[in-house]
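Let me begin by presenting the structure, written as structure tokens, before commenting on it.
Chains as they are written, first to last, in our numbering: chain W, 1 to 518; chain Z, 1001 to 1190.
Below, the structure is given as structure tokens:
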């Protein structure tokens, strides 16, 4: 058997391949993007695609699963918010072919708008969740997730974090084991969730969760590594690696089965050690559960709830040791190196004009969010995918048309397709008069240049229909649609002045290719 | 256990250098782990990679104060990684400046005493000048491989191991150029 150095995300792709996953769908989002890229590049037998957003991705995968194929959806943590609607109800319908959801959390918010802990979703949606601690485990756990899914009729969430997704390690390559397409049997009691069907399905999934807790107690994913009994540490994910590094002599309960948590295994461990610790990133998810079992572990009072953990943070928390060298501190101030828009970036022209016009800018998610920083400092609100357009309308409702004459929404092409279309319908339907600028750089740039429905190419590299923003806006009912090259800043400025002044909805398509596009 | 940090600016090829080191370590029978940063860092931000190899590696991140080598492809970036260096560790820095956005915008100043300060403050410190080497190699983008070549003088792997690792990680048409870049780095007097 060959071992290969793989990125955590590549290891997940490999796991999907070895498990004979047949359909894989995602919307790009750091730190999850490379999973689908690796599948499309290395495992061409899997039907892989970018969906317009995570909700669609999860629903497509639910369809493939019910139709009998092992299927996988991948998304970043905030993507699961978008997909939460299907998540909660497809929890009731269960699966046919194994269904796996890869969820990538981002403690430290390296490239995200928040640090939410998606372990809570497993509990809330009543779905099993497992979490690897290394690229090698990422592959193994992905394979196992398909088996658990089929054995218990549940979609399985595999939670990773940035330090698993974007870390490399040795991964054992094994052969693919065939998992033939399962027959699709029409079964509306299982697959159509009218209330009369949902109620008995709820009973079924509660029963399954009891069985899954028993499974979790037996599972090798929850492993006790006995050391000294003076101190016992319960830990999960990449934090396990830091604990092993800085406390090599203590006993460790490594939690790989995040939900349902193994109550019996935890009691066995807790009863055997003098002092009990829980070391986990983000929220006290395990800690609260352990407290619920009647124990008093030391957790968040010493392990930070903010940011990601590191070996030195864990060393400080557990050993009161502050690792350091004796090199003196540098005397002058070290200028920071924040990310910035590239030289010649088309967004730069847009924000230079918006800064000059001094309008309120409702921004969105993408490279162009960097315009909030100097030298532009030209973005005033931003929250989640598509919110530029809807918040822009909210500004008008709150402060009247005068506000609409002095503000714009700014949203990238892929983000507009993801979640900007429905709020544009909202503006037109509710007689708003706002101005939406679509920054059409012909690619999903921020996450590393992925194709999208407007680029004319699929993830697999096939030519496809190019979504036409102008026709789309007109069909929605926007009469004022202007397409303009932002590099011609004089024209661009005139267009923005005119459209902002117009007492009806406008869409400005700012069309210029990303400077990094070859 | 050997701990190496590569530091630089987005686009300098820090990840490729790490990947080649990992490959060499793997081929020599070591366990190996690495951690890198994607996303925002690609937009001209600071970039680093932690590489660790030995009999059994747990953490993909190097603990502060324990790096055996810090290899910085840019002058200023070396300062950000100094807290990772162990007291017996070696610092290798390319004497090349890339102005951060706040400096370009005139809001902050690029310090002008880094080289001298490093020489006075870090026991094992090599600030290298690579202009002539890069001219000879004929491709400035091979900077990462030249720096890897310099690092290789301190590590246990032989030239054949490195050659194999490089060949496995770069495109066929760039192998020759990269091998030249690596050799020039390995032979550089520092």
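All residues carry an ideal CB built from backbone N, CA and C; glycine is no exception.
It should be emphasised that the depicted structure is a prediction, and the values quoted were computed from it without experimental measurement.
query: Contact under 8 angstroms by Cβ, residue 1008 of chain Z with residue 1104 of chain Z; result: no
query: Contacting positions in the stretch 1118–1141 of chain Z - beta carbon closer than 7 angstroms to chain W; result: 1121 and 1122
query: heavy atom of the ligand PLP below 7 angstroms from residue 76 of chain W C-beta; result: Summarising the ligand content, the structure contains no ligands, and the ligand PLP is consequently not present.
query: Partner residues on chain W for residue 1108 of chain Z, Cβ-Cβ distance less than 7 angstroms; result: 335
query: Residue from Z/1054, Z/1014, Z/1111 and Z/1026 with nearest C-alpha to residue 6 of chain W; result: Z/1026
query: Which of helix, strand or coil DSSP assigns to residue 1096 of chain Z; result: coil
query: Exposure of residue 1144 of chain Z, with buried meaning 16 or more beta-carbon neighbours within 10 Å; result: buried
query: Three-state class that DSSP yields for residue 330 of chain W in the structure shown; result: coil
query: Complete alpha helix (DSSP H) runs within the stretch 1113–1181 of chain Z (minimum length 4 residues, chain order); result: 1114–1121, 1131–1137, 1143–1152 and 1159–1169
query: Residue from Z/1057, Z/1128 and Z/1100 with nearest C-alpha to residue 1190 of chain Z; result: Z/1128
query: Chain-ordered chain Z contacts of residue 315 of chain W [CB-CB under 7 angstroms]; result: 1063
query: Closer than 8 angstroms to chain W by CB, residue 1023 of chain Z; result: yes
query: Residues near residue 519 of chain W in its chain [Cβ-Cβ closer than 6 angstroms; skip 5 each side]; result: Since the first and last residues shown for chain W are 1 and 518, residue 519 of chain W lies out of range.
query: Beta-carbon contacts of residue 190 of chain W that lie in its chain and below 8 angstroms, excluding the five residues immediately before and after; result: 93, 94, 197 and 201
query: CB of residue 311 of chain W within 8 angstroms of CB of residue 245 of chain W, strictly; result: yes
query: Interface flag, residue 414 of chain W vs chain Z, CB-CB below 8 angstroms; result: no
query: Entirely enclosed alpha helix (DSSP H) segments - the stretch 105–171 of chain W, minimum 4 residues; result: 119–125, 135–152 and 162–165
query: Residues that residue 1048 of chain Z contacts on chain W, provided the C-beta gap is smaller than 7 angstroms; result: Those do not exist, as residue 1048 of chain Z stays about 11 angstroms from chain W at its closest Cβ, beyond 7 angstroms.
query: Own chain residues within Cβ distance below 6 angstroms of residue 333 of chain W, not counting five before or after; result: none
query: Reference residue 230 of chain W, options W/188, W/277, W/254 and W/193, closest by Cα; result: W/277
query: Contact set for residue 35 of chain W: own chain, Cβ-Cβ below 7 angstroms, skip 5 residues either direction; result: 9, 12, 13, 26, 74 and 102
query: Beta carbon of residue 129 of chain W nearer than 8 angstroms to that of residue 234 of chain W; result: no
query: Residue 327 of chain W at chain Z interface by Cβ criterion, 8 angstroms; result: yes
query: Classification of residue 214 of chain W by the beta-carbon crowding that lies within 10 angstroms, buried from 16 upward; result: exposed
query: Nearest to residue 1003 of chain Z (by Cα), restricted to the options Z/1058, Z/1051 and Z/1187; result: Z/1051
query: Contacts of residue 1044 of chain Z in chain W (Cβ-Cβ under 8 angstroms); result: 337, 339, 340 and 342
query: Residue 224 of chain W beta carbon less than 8 angstroms from that of residue 261 of chain W; result: no
query: Residue 1036 of chain Z classed as buried or exposed, judged by whether at least 16 other C-beta atoms fall within 10 angstroms; result: buried
query: DSSP three-state assignment for residue 1049 of chain Z, whether helix, strand or coil; result: strand
query: Straight-line gap, residue 1136 of chain Z to residue 222 of chain W (C-alpha atoms, nearest Å); result: 56 angstroms
query: Residue from Z/1172, Z/1171, Z/1161 and Z/1173 whose Cα sits closest to the Cα of residue 1183 of chain Z; result: Z/1161
query: Extent of the continuous alpha helix (DSSP H) run through residue 1017 of chain Z; result: 1014–1027
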